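Protein chains: 2
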Amino acid sequence: MNARQDIHNSDIPVLCQACEARHRGVCGALNPDQLVALSKQSFKYRAEPGEELVGDSEKVVNFSNVLSGVVKLSKVLSDGRQQIVGLQFAPDFLGRPFKTESALNAVAATPVSLCSFPKSAIDRMVKEVPELEHRLLKQTLKELDEARDWMLTLGRKTAAEKVASFLHLVATHIDPEASMGSGPVAYDLPLTRADIADFLGLTIETVSRQMTKLRKDGVIEIEHNRHITIPDIGRLERRANI
Amino acid sequence: MNARQDIHNSDIPVLCQACEARHRGVCGALNPDQLVALSKQSFKYRAEPGEELVGDSEKVVNFSNVLSGVVKLSKVLSDGRQQIVGLQFAPDFLGRPFKTESALNAVAATPVSLCSFPKSAIDRMVKEVPELEHRLLKQTLKELDEARDWMLTLGRKTAAEKVASFLHLVATHIDPEASMGSGPVAYDLPLTRADIADFLGLTIETVSRQMTKLRKDGVIEIEHNRHITIPDIGRLERRANI
DNA sequence: CGCGTCTTTGAGCTGCCTCAATTCCGGTGG
DNA sequence: CCACCGGAATTGAGGCAGCTCAAAGACGCG
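Residue numbers (this note's numbering), protein chains in the order written: chain A, 1 to 242; chain B, 1001 to 1242.
Here it is in structure tokens:
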């Protein structure tokens, strides 16, 4: 396994060795040489909760892979009403190919670490490595599927169903096994009540009331406001109307 | 392959000559030879309003280009609540690459004509023509942008703003010049009130009341329930909060 | 002319929002 | 160790936007 392929430049960069993006993310499209080339231009970046990563209608010069943490993508109306239109978990790709301006805000929801590289490096590599575009297409289709699923939640579900859907979404993203397994799932919520409200198209008060109701009904347990335990995910799914 | 066509095999197929998808759609990626190859497997299909083109969780064997008309993409909850998650206009591409099952319903909203071809033909060509994947990525990114825009509408806008946003969306899709021009725009609504309600996450009564309000306020004119005239698109945009 | 479908309009209800007060909790300093 | 502070979350009371239910028009078609 660790047979030291060889001592040449085809060694995988240290930064990439443990990176999820190399397996499930876009970097999986690259061979060791290409990985080395890209890693020379890439840098790791850490952001604190609330820190803006990409501003709306701002020029975008960097793309990133999310290495850990959660990034919220949001849109705002002129009068301040806000809607979160997507959450990015590791190893999602952050950036909009073929456009120089972002149409949305990207803000760290939790402490986040990113692997960033200049947009130009990707633009160049896309031309040489068709597999890279293939990965980007797959990632984009996944995000489109998720966006459309969420549109159903936003447009047609009740507040109770929305909150249950949100707790379920986070559970399945943090622990992909969760949906099949019958055992309990536990996690720390990556979002504040205000964020959850912005994701669900509700107010914080309504979110709070529905969480309380789920807790009193024994569907979830809550500790320290943030830590959620779901004893029976099937029960939560029924509440979410999935 | 028959000899006669081989002689002139670089001629563009008749079906493709006037097709928008050759310019703005995915077929723009293909050279005349490839166009001929694909067109041998493709067929034109006409559908009437209400006709189901792709069923939810149905096996998908065909992809299509929309040549004319409007297709609605929708999702339904187990209890019948429905949400339209996208509208496809010419020359949009209809189909979900890399998945054999559809996660949504596609239904003709108006009379629709399609250029259909087997999924397998595309799957094969994608491997030979990287540019095809490039086009698919662009189309998917466009749809993702639109889906996210609409999430803001669904989650955070009032009923009045939603209806105005819808009328604006149709105006700009049917006449791409509409948004810049100051002149009046007119079109036939491709959707019934029930469809509009399902697109906006409202009831038909609320849609009807808001349309009446816009009409009484002089923002739009309505003839025969379906024909809409927008004297001043800027005025509509203000109502939509764009 | 009568029937079915789509749309409009009206009247009352309710789920979520708004506004306001209180509690919880982590951090900080005495 | 406790008192205090500020931000986040909860809880309560009342209002209203949009839903539900019901009825009546508008229009196309046999």
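The C-beta atom is built at its ideal place from N, Cα and C for all residues, glycine as well.
As the structure is a prediction and not an experimental result, all values here were calculated from the model.
In the DSSP annotation of this structure, the continuous segment of the beta strand (DSSP E) that includes A/Asp188 starts and ends at Val185 to Asp188. Cβ atoms of B/Leu1154 and A/Met151 come within 8 Å of each other, at about 6 Å. Here A/Glu221 carries a strand assignment [DSSP, helix/strand/coil]. If you check the CB distance, B/His1168 and B/Ala1240 come in under 8 Å.
Membership of A/His227 in any alpha helix (DSSP H) is not indicated; the residue belongs instead to the beta strand (DSSP E) covering His227 to Ile230. For the options B/Arg1096, B/Asp1217 and B/Phe1199, the alpha carbon positioned closest to that of B/Val1054 is the one of B/Arg1096.
Here B/Ala1108 carries a strand assignment [DSSP, helix/strand/coil]. Just so you know, the alpha carbons of B/Val1061 and A/Phe89 end up roughly 32 Å apart. Look at B/Asn1031: its C-beta is not under 8 Å from any C-beta on chain A. Residue environment: B/Phe1098 is assigned as exposed (fewer than 16 neighbouring CB atoms within 10 Å of its CB, all protein chains considered). Fully contained in the segment 155–218 of chain A are the following alpha helix (DSSP H) runs of length 4 or more, in chain order: 159–174, 193–200 and 204–216. For B/Lys1119, the enclosing alpha helix (DSSP H) stretches over residues Lys1119 to Glu1128.
B/Val1014 counts as exposed, since fewer than 16 other C-beta atoms from the protein chains shown sit within 10 angstroms of its C-beta.
With 16 or more other CB atoms across the displayed protein chains lying within 10 angstroms of its CB, A/Arg135 is buried. When DSSP assignments are scanned along the segment 1068–1103 of chain B, the uninterrupted stretches of beta strand (DSSP E) that are 3 or more residues long and fall wholly within it turn out to be 1071–1076 and 1082–1088.
Burial is judged here by how many other beta carbons sit within 10 angstroms of a residue's own beta carbon; A/Arg156 has at least 16 and is buried. Not a single CB atom of chain A sits nearer than 8 Å to the CB of B/Asn1065. The segment 1024–1043 of chain B and the segment 1074–1085 of chain B do not touch, with fewer than 3 CB-CB distances between them shorter than 8 Å. DSSP places B/Ala1018 outside both helix and strand once states are collapsed to three, so it counts as coil.
Contact note: A/Ser78 reaches chain B through Asn1241, using a C-beta cutoff of 8 Å and chain order. By the rule that beta-carbons nearer than 8 Å mark a contact, A/Glu133 touches chain B. The way I'd put it, the segment 1105–1121 of chain B does touch the segment 1064–1077 of chain B; three or more beta-carbon pairs between them come closer than 8 Å. With a beta-carbon spacing of about 7 Å, A/Phe63 and A/Leu94 fall inside the 8 Å limit used to define contacts.
Taking CB atoms only, A/Pro97 has a neighbour in chain B less than 8 Å away. Counting the other CB atoms within 10 Å of its CB gives A/Lys216 a total below 16, which places it among the exposed residues.
Where B/Ala1047 is concerned, the enclosing beta strand (DSSP E) starts and stops at Phe1043 to Ala1047. Contact with chain B is found for A/Met151, since one of that chain's Cβ atoms lies less than 8 Å from the residue's Cβ. The closest CA to that of A/Gln41, considering only A/Ile228, A/Ser120, A/Asp149 and A/Val66, is found on A/Ser120. In its chain, beyond the 5 residues on either side, no residue has a beta carbon closer than 6 Å to the beta carbon of B/His1023. Burial check for A/Ser78: the Cβ neighbour count within 10 Å stays below 16, so the residue is exposed. A contact is defined here as three or more CB-CB pairs under 8 Å, and the segment 1190–1197 of chain B fails this definition with respect to the segment 1228–1236 of chain B. In the three-state scheme derived from DSSP, where H, G and I count as helix and E and B as strand, B/Leu1030 is classed as coil. Secondary structure note for B/Glu1237: it is in no beta strand (DSSP E), and the uninterrupted alpha helix (DSSP H) holding it is Ile1233 to Ala1240. Within its own chain, the residues whose Cβ lies closer than 8 Å to the Cβ of A/Thr206, once the five positions on either side in sequence are excluded, are Ala159 and Ala197, listed in chain order. Within the model, the alpha-carbon separation for A/Thr140 versus A/Pro91 is close to 13 Å.
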